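Asker:
Number of protein chains: 2
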Amino acid sequence: MSDVARETGDRFQPKFDAQGLMTGVVVDASTGEVLMVAHLDEEALAATRETGLAHFHSRSRGTLWCKGETSGNTLRVQEILVDCDQDALVIKAQPAGPACHTGARTCFYRRLADDGLLQRIAS
Amino acid sequence: MSDVARETGDRFQPKFDAQGLMTGVVVDASTGEVLMVAHLDEEALAATRETGLAHFHSRSRGTLWCKGETSGNTLRVQEILVDCDQDALVIKAQPAGPACHTGARTCFYRRLADDGLLQRIAS
Numbered sequence: 249m250s251d252v253a254r255e256t257g258d259r260f261q262p263k264f265d266a267q268g269l270m271t272g273v274v275v276d277a278s279t280g281e282v283l284m285v286a287h288l289d290e291e292a293l294a295a296t297r298e299t300g301l302a303h304f305h306s307r308s309r310g311t312l313w314c315k316g317e318t319s320g321n322t323l324r325v326q327e328i329l330v331d332c333d334q335d336a337l338v339i340k341a342q343p344a345g346p347a348c349h350t351g352a353r354t355c356f357y358r359r360l361a362d363d364g365l366l367q368r369i370a371s
Numbered sequence: 249m250s251d252v253a254r255e256t257g258d259r260f261q262p263k264f265d266a267q268g269l270m271t272g273v274v275v276d277a278s279t280g281e282v283l284m285v286a287h288l289d290e291e292a293l294a295a296t297r298e299t300g301l302a303h304f305h306s307r308s309r310g311t312l313w314c315k316g317e318t319s320g321n322t323l324r325v326q327e328i329l330v331d332c333d334q335d336a337l338v339i340k341a342q343p344a345g346p347a348c349h350t351g352a353r354t355c356f357y358r359r360l361a362d363d364g365l366l367q368r369i370a371s
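These protein sequences, in sequence, are chains A and B. Count the first sequence with the numbering used here and you get residues 249 to 371, in order. Count the second sequence with the numbering used here and you get residues 249 to 371, in order.
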């Protein structure tokens, strides 16, 4: 597939990197807030589309995981957006609970302050 | 640095992957919309913090690039959020123009429809 066709066409042709992964950005479908970033391989993408629940590939464990499979804090997919070169997805989802394994609503609960330290901003 | 210290502490200790990269999600500081996803190495992160303009590492060219250096469509950084394990950033920025090289406001201008095809949603 040419770059132009990939960028302008209506054919979904996800581009996985050398590790077989693409980036998934999960956004709260209600608020638009970024909740987490994780990676999808072909298997995780298929599982996400089939079940309507966000699945990812764990780079550390090397396995498929359904977000929330143990915690119950699943992410129900409402819409998937695809970027120009089809190597990243925005997954708009309804979270069943805190998205972060730390218990925070979002994984992005700290900001980088001018002094170079991290400041907590969300709970 | 322990996982707990990385997740709960105030020390910024970005975690780069085996390719020396971390994920950057650029969000429009005014609207919260996700504009693009790109990758930062240590050099791009330093350049972003020093200049206040979003810089990335091009995986295809293997070089540092300042977003908008040729198009003029720079991204002025307003705030940087860091996720729990410090391997991804949300970069809240003010775009000087369309964020996407195709001329679209955001790189995420298509949605994956139920029939498996891509539908254009943004201009």
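Quick reminder that beta carbons are idealized off the backbone N, C-alpha and C, glycines included. As the structure is a computational prediction, the values presented were derived from the model and not from experiment.
Please state whether the Cβ-Cβ distance between A:Val274 and A:Ile369 is less than 9 angstroms.
Answerer: Within the first sequence, numbered from 1, the residue matching residue 274 of chain A stands at position 26. Within the first sequence, numbered from 1, the residue matching residue 369 of chain A stands at position 121. Contact: no.
Asker: In the DSSP assignment, find the unbroken alpha helix (DSSP H) run with B:Thr299 in it and report its ends.
Answerer: Counting from one through the second sequence, the residue named residue 299 of chain B turns up at place 51. Glu290 to Thr299 is the extent of the alpha helix (DSSP H) around B:Thr299.
Asker: Counting C-beta neighbours from all protein chains within 10 Å, is the total for B:Ala266 16 or more, i.e. buried, or is it exposed?
Answerer: Sequence index remark: in the second sequence, residue 266 of chain B carries index 18 (1-based). With fewer than 16 Cβ atoms within 10 Å of its Cβ, B:Ala266 is classed as exposed.
Asker: Determine the chain B residues that contact A:Glu298 at a beta-carbon separation under 8 angstroms, and present them in chain order.
Answerer: Position 50 of the first sequence holds residue 298 of chain A. Ordered by position in chain B, no residue passes the 8 angstroms Cβ test against A:Glu298, which lies about 12 angstroms from the chain.
Asker: Express the C-alpha separation of B:Ala344 and B:Thr350 in angstroms, rounding to a whole number.
Answerer: On the second sequence, residue 350 of chain B is found 102 positions in, with the first residue counted as 1. On the second sequence, residue 344 of chain B is found 96 positions in, with the first residue counted as 1. In a straight line, the C-alpha of B:Thr350 is about 15 angstroms away from that of B:Ala344.
Asker: Using DSSP bridges, identify the partner residues of A:Phe304.
Answerer: Translated into the one-based positions of the first sequence, residue 304 of chain A becomes position 56. A:Phe304 pairs with A:Trp313.
Asker: Cβ of A:Arg307 less than 9 angstroms from any chain B Cβ?
Answerer: Taking the first sequence and counting its residues from 1, one reaches residue 307 of chain A at position 59. Judged by the 9 angstroms Cβ criterion, A:Arg307 is in contact with chain B.
Asker: Applying a beta-carbon distance threshold of less than 9 angstroms, which residues of chain B neighbour A:Asp258?
Answerer: Taking the first residue of the first sequence as 1, we reach residue 258 of chain A at position 10. Neighbours of A:Asp258 on chain B, chain order: Arg358, Ala361, Leu365, Leu366, Gln367 and Arg368.
Asker: Taking only the alpha-carbon atoms, compute the straight-line gap between A:Arg353 and A:Leu283 and give it to the nearest angstrom.
Answerer: Along the first sequence, one-based indexing puts residue 353 of chain A at 105. Along the first sequence, one-based indexing puts residue 283 of chain A at 35. In a straight line, the C-alpha of A:Arg353 is about 7 angstroms away from that of A:Leu283.
Asker: Roughly how far, in whole angstroms, is the beta-carbon of B:Asp333 from the beta-carbon of B:Lys263, given that I think they are within contact range, below 8 angstroms?
Answerer: Locating residue 333 of chain B in the second sequence gives position 85, counting from the first residue. Locating residue 263 of chain B in the second sequence gives position 15, counting from the first residue. Rounded, the Cβ-Cβ distance is 6 angstroms, consistent with contact.
Asker: Does the segment 286-306 of chain B come within contact of the segment 315-327 of chain A, defined as at least 3 CB pairs closer than 8 angstroms?
Answerer: No, the segment 286-306 of chain B is not in contact with the segment 315-327 of chain A.
Asker: Taking buried to mean at least 16 other C-beta atoms within 10 Å of its own C-beta, is A:Asp258 buried or exposed?
Answerer: As a position in the first sequence, residue 258 of chain A is number 10, starting the count at 1. With fewer than 16 other Cβ atoms within 10 Å, it is exposed.
Asker: Any beta carbon of chain D sitting closer than 9 angstroms to that of B:His303?
Answerer: Going by chain labels, chain D is absent from the structure shown, which instead holds the protein chains A and B.
Asker: Output yes if chain A places a C-beta closer than 9 angstroms to the C-beta of B:Cys314; else output no.
Answerer: Within the second sequence, residue 314 of chain B is the residue found at index 66, counting from 1. False, the Cβ-Cβ gap to chain A never drops below 9 angstroms.
Asker: When DSSP labels each residue in this structure, what does B:Ala336 get in the three-state scheme?
Answerer: Here residue 336 of chain B refers to the residue found at position 88 of the second sequence. Strand, per DSSP.
Asker: Using DSSP with H/G/I as helix, E/B as strand and the rest coil, what is A:Thr271?
Answerer: Against the first sequence, residue 271 of chain A aligns to sequence position 23. Three-state DSSP puts A:Thr271 in a strand.
Asker: List the whole-angstrom C-beta distance separating A:Ala270 from A:Ala336, where the pair is believed to meet the contact cut-off of C-beta under 8 angstroms.
Answerer: Counting from 1 along the first sequence, the entry for residue 270 of chain A is found at position 22. Counting from 1 along the first sequence, the entry for residue 336 of chain A is found at position 88. Sequence check: residue 270 of chain A is Met here, not Ala. Indeed they touch by this definition, with Cβ atoms about 6 angstroms apart.
Asker: What residue from A:Gly268, A:Ala286, A:Trp313 and A:Phe356 has the CA that sits closest to A:Thr299's CA?
Answerer: Along the first sequence, one-based indexing puts residue 299 of chain A at 51. Out of A:Gly268, A:Ala286, A:Trp313 and A:Phe356, A:Trp313 has the C-alpha closest to the C-alpha of A:Thr299.
Asker: Given a threshold of 16 other Cβ atoms within 10 Å of its Cβ, counted over all protein chains shown, does B:Gly268 qualify as buried or as exposed?
Answerer: The residue you call residue 268 of chain B lines up with position 20 of the second sequence. B:Gly268 should be labelled exposed.
Asker: Please report the distance separating the alpha-carbon of A:Gln261 from that of A:Arg297.
Answerer: In the first sequence, residue 261 of chain A corresponds to position 13, counting from 1. In the first sequence, residue 297 of chain A corresponds to position 49, counting from 1. For A:Gln261 and A:Arg297, the distance between alpha carbons rounds to 14 angstroms.
Asker: Going by DSSP in three states, A:Glu281 sits in which element: helix, strand or coil?
Answerer: Taking the first residue of the first sequence as 1, we reach residue 281 of chain A at position 33. Three-state DSSP puts A:Glu281 in coil, outside helix and strand.
Asker: Could you check whether the Cβ of A:Thr318 sits closer than 9 angstroms to any Cβ belonging to chain B?
Answerer: As a first step, residue 318 of chain A must be located in the first sequence, where it is residue number 70. It does not: the Cβ of A:Thr318 has no partner Cβ on chain B nearer than 9 angstroms.
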